[in-house]
Every structure is written in structure tokens, then in C-alpha cells.
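Asker:
Residue numbers (the working numbering): 27 to 630.
#1: What would DSSP say about residue 488, mapped onto helix, strand or coil?
#2: May I ask you to list the residues that DSSP assigns as paired with residue 109?
#3: With H, G and I counted as helix, E and B as strand and the rest as coil, what does DSSP make of residue 546?
#4: Ends of the beta strand (DSSP E) at residue 247?
#5: Over what stretch of residues does the alpha helix (DSSP H) that includes residue 586 continue unbroken?
#6: Judging by CA-CA distance, which residue of 569, 376, 54, 322 is the nearest neighbour of residue 419?
#7: How many Å lie between residue 328 and residue 346 at the Cα?
#8: Please determine if the region 297-313 and the region 193-211 are in contact, where contact requires at least 3 C-beta pairs separated by less than 8 Å.
#9: Rounded to whole angstroms, what's the CA-CA distance from residue 396 to residue 54? Just pull it up for me.
#10: Taking just the CA atoms, how far does residue 215 sit from residue 289?
#11: Would you kindly work out how many angstroms separate the C-alpha atoms of residue 227 and residue 388, rounded to a whole number?
#12: When DSSP labels each residue in this structure, what does residue 332 get in the three-state scheme?
#13: What are the start and end residues of the alpha helix (DSSP H) that includes residue 502?
#14: What number of angstroms, rounded off, separates the C-alpha of residue 332 from the C-alpha of residue 561?
#15: Determine the direct distance from the alpha carbon of residue 383 to that of residue 341, and round the result to whole angstroms.
#16: Keeping to the same chain, check which residues put their C-beta closer than 8 Å to that of residue 310; ignore five residues upstream and five downstream.
#17: Does residue 480 come out as helix, strand or coil in the three-state DSSP assignment?
#18: Curious, which full-length beta strand (DSSP E) runs of at least 3 residues does the region 366-424 contain?
#19: Taking Cβ positions, are residue 287 and residue 200 nearer each other than 8 Å?
#20: Less than 8 Å separating the beta-carbons of residue 78 and residue 137?
#21: Would you mind reading off the limits of the alpha helix (DSSP H) that contains residue 566?
#22: Our contact map puts residue 516 next to residue 539 with C-beta atoms below 8 Å; I'd like the distance itself, whole angstroms only.
#23: Quick check: what's the CA-CA separation for residue 494 versus residue 481?
#24: If you measure between the beta carbons of residue 276 and residue 183, is that distance less than 8 Å?
#25: Apply the 10 Å Cβ neighbour rule to residue 104 and answer buried if 16 or more other Cβ atoms are within range, or exposed otherwise.
#26: In terms of alpha-carbon separation, which member of 411, 268, 567, 67 lies closest to residue 297?
#27: Give me whichever residues DSSP pairs with residue 121 in a beta bridge.
#28: When the Cβ atoms of the region 368-381 are set against those of the region 558-574, are three or more pairs found closer than 8 Å?
#29: Between the region 577-591 and the region 499-510, do at least 3 Cβ pairs fall closer than 8 Å?
#30: Could you please give the first and the last residue of the uninterrupted beta strand (DSSP E) stretch that includes residue 358?
#31: Which of the three DSSP states is assigned to residue 612 in this structure?
#32: With DSSP as the reference, please indicate the residues paired to residue 320 in a beta bridge.
#33: In terms of alpha-carbon separation, which member of 178, 356, 185, 339 lies closest to residue 634?
#34: Just mark residue 102 as buried or exposed, buried being the case when its beta carbon has 16 or more other beta carbons within 10 Å.
#35: Residue 403: which of 490, 308, 335 sits nearest, CA to CA?
#36: Take the Cβ of residue 544 as the centre, count every other Cβ of all protein chains shown within 10 Å, and call the residue buried at 16 or more, exposed below.
In C-alpha cells form, the structure reads like this:
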């Protein structure tokens, strides 16, 4: 008995290590718009579950020159007896070709399996041809000389504020820096009052978490200087705007007997100019001030009808990327589009705010053929050139294969009819031709009786089979009960998915299946493959009121959006969607019952 218990305990203790091993690989790039020959950084992150050994597969970098590669970090963590290992590898590469290039995939080999990462597409342009500004070339030199205006030295300790511009256009970024200068050792320090920036859009420009001093000379005197705060400001209106002072409380070794000292920087005044009206494009948005480049990328070149494809519109440059308004997606025939997902990757330093802003559209082609996406234009004002510019993306082509499902409306007379053939019955198959080679016997009465006997037996068997089939065939009432059971089962699965926090895509698929099941069997529709317009037209042809048609289309649109673009509707509530589906299923059932009785459903 004791040995059995020890054996069971050892098996339980070894269970965590016996679980299935897994791994994941993720590839990212620091920007999606690049200049020919300009370095960019590619990062590959590998996560391995368990103790299995893996072999790393280098990322595919066709069209790039590798400038350097390194293993940046490697760590191991154990949670609930489960080991997880993480590795991060960084590559510095330079593009060698123009156009759209693909990075990756990278991968790992685990237990005879190859697990690959995602691929990343980027657009490479020649230098100066609408290329985004380089952060290295745009950055001013460090130090006080880069900030416009010399610092006036004062005795002891003081705080000075400097702005990169004293005159700026509305929306043009300027960098304001506050520094502490001291000629004595600092014993204590605290910022008492942060500067006010009324009339500005404010972004942190990389303010330090702790003071780091460096030796500087002002008017022939030595000081220790430390950066206190760096802020990137975007004026929102024309006129004279004031940046409030920054105030600190500190104590130095030279004035230890004097107690705490308070020092305050002088306020700054910025003259803000309105944007010129001359040469302003019709599509210009006042928030688009800076220097930008625009690119459009598809995650694949060919899809089948009904498969989703992602269109990414990316703007890269310097300026207020938070407020930047990208051009809207034009209407595309035969394509459904969902609410886009927006994201940005920003970097703030002494040069200002730079980075990328991305809008990702999920497209669902519904017709075969070649889909052409025209070039999109971003109009902006370049404050350095003092002129309006336009950035254009390249036109794209998408090949859509397959065939559109025929959107037949069916016969109105078949509203109340049901198909008695189940989906598991095979189609009839013609039998081979038989030829009798036996010579005919002499004609007599016994021969006729024997010849007719098989026919009589065949007729009796056929009649018995028909009678048995008629008795076993489901009646309309039985088919109605079976339909209700299937619909209730789908709704029960949807509620269980909500209780177990399943993804909204699974919940919406169950709700859509329940509604399609109801429409197929109670209204005589074949909804599989119908476009939304064809489905609404079919419902209208069967006498459905306009309110019911609109409710069906709205619910199916919400289900499609939750399945294909789950992050586009954060307000989507699963419980409310299930309640709406139940109410709509009841209305469809009432419509079918009313039509069978020869009446009409009233408008909701």
C-alpha cells in the first residue's frame, strides 16, 4: 500500500514536466518606412515552455545587408513548476533594394517541428524621394547651444529654461528644456512646481528619472549641470503663449546653514504664427503639421473570396503623430471593410517627437478578380520649408481567387416547404444495363405465373418500404422540434462560452450559426454564401417587415465584426448580443408561423 502511494505521488510530481512542450517566435522592426541603405533594427523574441532543447533558425533577410547581430538577453522563470525561457536577438540591417521588402520569418526547431515567426513588410524609398526624416540627422547637437539663446550664468545654484524655437507655427513642435546649474555639491533636491503649458499640446521629451550631472562652462565659470525636464510642445492657437516657470527646492553644501533654498526658472514666451492660407490643399487637416511619409502595405498578394486581408496605412515622420489624421479608405467595390485599429510607435528625444502612426483595415473580398487600391494622399504643412506638401502611398493590387456563391432568392412558393432529403443522403447513381442471354422458354400459363412472381414480390417490397418510410419520416411538427433543439443548443454553447471567457469570435460564430439555422429551415432560405444585400433582399421577398430585415443585417454585421475585427468594437457585450439574438430568433419564428397560417406579421 505504501509503495502504491509513493508511486502515485511520484507520478503527480512528474506531471508538470511531462506536459506538452511549446514555443513561440515573434519578429518586430523599429519602423515600416525606410530609406535605401539606412540602418534599421530587427528584434526576434523566442519563448520556450518546458525543458526541451530548441535550435534557433536565423530570420530570412533577403534584400538586406546585415550590419550586426547580438543576443541581447536570456532569462529563465519558473511558475507553478513550469519552466519558461526567453531569448531576445537584435539585428541591425540596411535595405539594399527599393520597393516593398519582407523581413522574416525566423523560427525554432522543437521536437521535429519547425515553429516560425510572423513576417513584417516595409517599404524602402530612395533618400530624398518622400522619405521620412532620419532621427539621427534631425537631432540637434546636445548642449545649450542647440536650444536657441545662451544661458545667463548666476552665482551659486540656479535653474534655466530654454526653448528650441521662440517663433513657431500652429502645430509645429518645439522642445523646451529645464536644467539645474550648481557650483556646489547638492545635498537634497525636489521639484516643487511643474511648468504650465496652457495653449499647447504636451508630450514628454525623455525627462530623466534621476539627476545626472556633467561639467559645463558658462562665461568662463565651471558648473555642474543636470537635465530636470524635457517637454515637446505643439501650440494649438496663434498669438503669444506663455510657458510657466519650473520651481525647485534644494540644499547645497555651501549653504547648509541657510536651510532649504528655492530656485525658479524664468517663464518663456512663444510667438505662434497661423498657418498660411496660400497653397493650402483642399484635403489638408490643420493638425497635420510636420514632415511625413506615407506607405500602404497588404499582408498578402492573393486571397480567396471570403478570406480576410489586412491593409496597413503607415505614416512616419516628425511632428504631432498623436493628432495626425491619415487619409480615409476609399470605397472599394465588392469589398467589406471593418472599423480600423489604430496604433503608434513614438520616440521622443532632444529633436522632438518622431515615429510611426498606423491604421490597419480588415478587408473581406466578396467577388473574384483583381482588386486595385488607389494611391492615397496625406496633405501636411512643412514648417521648415514653410510650404504645404503631399505624401503619397504606392497603389496596390490584390488578386482575389475563387468564385462568388450564387445569391439565388429561391422560389416564394417554397416558404413553408421543407427538404425531406437529409444532407447525408448520397445522390442517385445510374445502374449498369443488364442483358438477358437465356433463350425464351415455350409460352404456357405456369411460365407466366413464375415470370410475374418476382414483379409481385418487388411491388410488395416497394410498397412496404414506402409505408415504412412514410411512418418513419419526420412530420413538420417533429422537424420544428428538432430545429428548436438545435437552436437552443447553439445558444447554450454561446452562454457557456461567455461563462468560460472564451474569445468573442467564438461567441459571435455561435450566434450567427443559430440565426442562419432559423432562417434556413423556417423561411426556406439558403443563407450560406449570400452577401448581406442579397440576404436582406431575400427576406423582403418573403414578406419580412423592414424592421426585421434591418435587425437581421445589424446582428450579422456585429457578429462578423467580432469575428474578423475583435479589437474594433470595445463596447461589444456578449450577454447583450445573446439576448438580442434570442429576441430576433423569436421574431423569425413568429414570421414563419404567421405565413403558414396565411397572415402577415405586423411591423415591429
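Heads up, the beta-carbon is just placed ideally off N, CA and C, and yes, glycines get one too.
Answerer: Once the coordinates are examined:
#1: Stepping through the chain shown from its first residue, residue 488 is reached at position 462. Three-state result, residue 488: helix.
#2: The residue given as residue 109 occupies position 83 in the chain shown. BP columns for residue 109 point to 104.
#3: Against the chain shown, residue 546 aligns to sequence position 520. Residue state, collapsed to three classes: helix.
#4: As a first step, residue 247 must be located in the chain shown, where it is residue number 221. Looking at the DSSP string, the run of the beta strand (DSSP E) that includes residue 247 is 247-261.
#5: To locate residue 586, count along the chain shown from 1; it is residue 560. That run of the alpha helix (DSSP H) goes 572-590.
#6: Within the chain shown, the letter at position 393 stands for residue 419. Nearest C-alpha to residue 419: 322.
#7: By one-based count along the chain shown, residue 328 stands at place 302. By one-based count along the chain shown, residue 346 stands at place 320. So the alpha carbons of these two residues sit roughly 35 Å apart.
#8: yes
#9: Taking the first residue of the chain shown as 1, we reach residue 396 at position 370. Taking the first residue of the chain shown as 1, we reach residue 54 at position 28. Each residue's alpha carbon lies about 30 Å from the other.
#10: Against the chain shown, residue 289 aligns to sequence position 263. Against the chain shown, residue 215 aligns to sequence position 189. The straight-line gap from Cα to Cα measures roughly 11 Å.
#11: Along the chain shown, read from residue 1 onward, the residue named residue 227 stands at position 201. Along the chain shown, read from residue 1 onward, the residue named residue 388 stands at position 362. Using only the alpha carbons, I get a separation of about 31 Å.
#12: The count along the chain shown starts at 1 and reaches residue 332 at position 306. DSSP places residue 332 in coil when its eight states are reduced to three.
#13: Against the chain shown, residue 502 aligns to sequence position 476. It spans 502-525 - the alpha helix (DSSP H) in which residue 502 sits, taken as one unbroken run.
#14: To locate residue 332, count along the chain shown from 1; it is residue 306. To locate residue 561, count along the chain shown from 1; it is residue 535. The alpha-carbon separation between residue 332 and residue 561 amounts to approximately 16 Å.
#15: If you number the chain shown from 1, residue 341 lands on position 315. If you number the chain shown from 1, residue 383 lands on position 357. Those two C-alpha atoms are separated by around 5 Å.
#16: Counting from 1 along the chain shown, the entry for residue 310 is found at position 284. Only 405, 406, 407, 414 meet the Cβ criterion.
#17: Position 454 of the chain shown holds residue 480. DSSP, read as helix, strand or coil, puts residue 480 in helix.
#18: If we require 3 residues or more, the beta strand (DSSP E) runs fully inside the region 366-424 come out as 367-375, 378-391, 395-399, 403-408, 413-418.
#19: On the chain shown, position 261 is the one that residue 287 refers to. On the chain shown, position 174 is the one that residue 200 refers to. It is not a contact, given that the beta carbons lie outside the stated cut-off.
#20: Locating residue 78 in the chain shown gives position 52, where the first residue counts as 1. Locating residue 137 in the chain shown gives position 111, where the first residue counts as 1. Yes, they are a contact pair.
#21: Here residue 566 refers to the residue found at position 540 when the chain shown is read from its first residue. It spans 558-567 - the alpha helix (DSSP H) in which residue 566 sits, taken as one unbroken run.
#22: As a position in the chain shown, residue 516 is number 490, starting the count at 1. As a position in the chain shown, residue 539 is number 513, starting the count at 1. That belief holds up - the Cβ atoms of residue 516 and residue 539 are roughly 6 Å apart, short of 8 Å.
#23: For this step, residue 494 is matched to residue 468 along the chain shown. For this step, residue 481 is matched to residue 455 along the chain shown. C-alpha separation (whole angstroms): 20 Å.
#24: In the chain shown, residue 276 corresponds to position 250, counting from 1. In the chain shown, residue 183 corresponds to position 157, counting from 1. Cβ atoms of residue 276 and residue 183: closer than 8 Å.
#25: Taking the first residue of the chain shown as position 1, residue 104 is located at position 78. Answer is exposed; the Cβ neighbour count stays below 16.
#26: The residue labelled residue 297 in the question sits at position 271 within the chain shown. The option with the nearest alpha carbon to residue 297 is 268.
#27: Position 95 of the chain shown holds residue 121. DSSP, once it has assigned bridges, lists 90 as partnering residue 121.
#28: The answer is no - the region 558-574 does not touch the region 368-381, with fewer than three Cβ pairs under 8 Å.
#29: no
#30: For the purposes of this step, residue 358 is identified with residue 332 of the chain shown, where counting begins at 1. Residue 358 -> no beta strand (DSSP E), and no H or E assigned at all.
#31: Indexing the chain shown from 1 puts residue 612 at position 586. It is helical.
#32: Start at 1 with the first residue of the chain shown, and residue 320 comes out as number 294. Its beta-bridge partners are 341.
#33: Outside the shown range of the chain, which is 27 to 630, sits residue 634, and nothing can be said about it.
#34: Translated into the one-based positions of the chain shown, residue 102 becomes position 76. The residue in question, residue 102, is exposed, as its Cβ has fewer than 16 Cβ neighbours within 10 Å.
#35: Locating residue 403 in the chain shown gives position 377, counting from the first residue. It is 308 whose Cα lies nearest to the Cα of residue 403.
#36: On the chain shown, position 518 is the one that residue 544 refers to. Residue 544 comes out buried.
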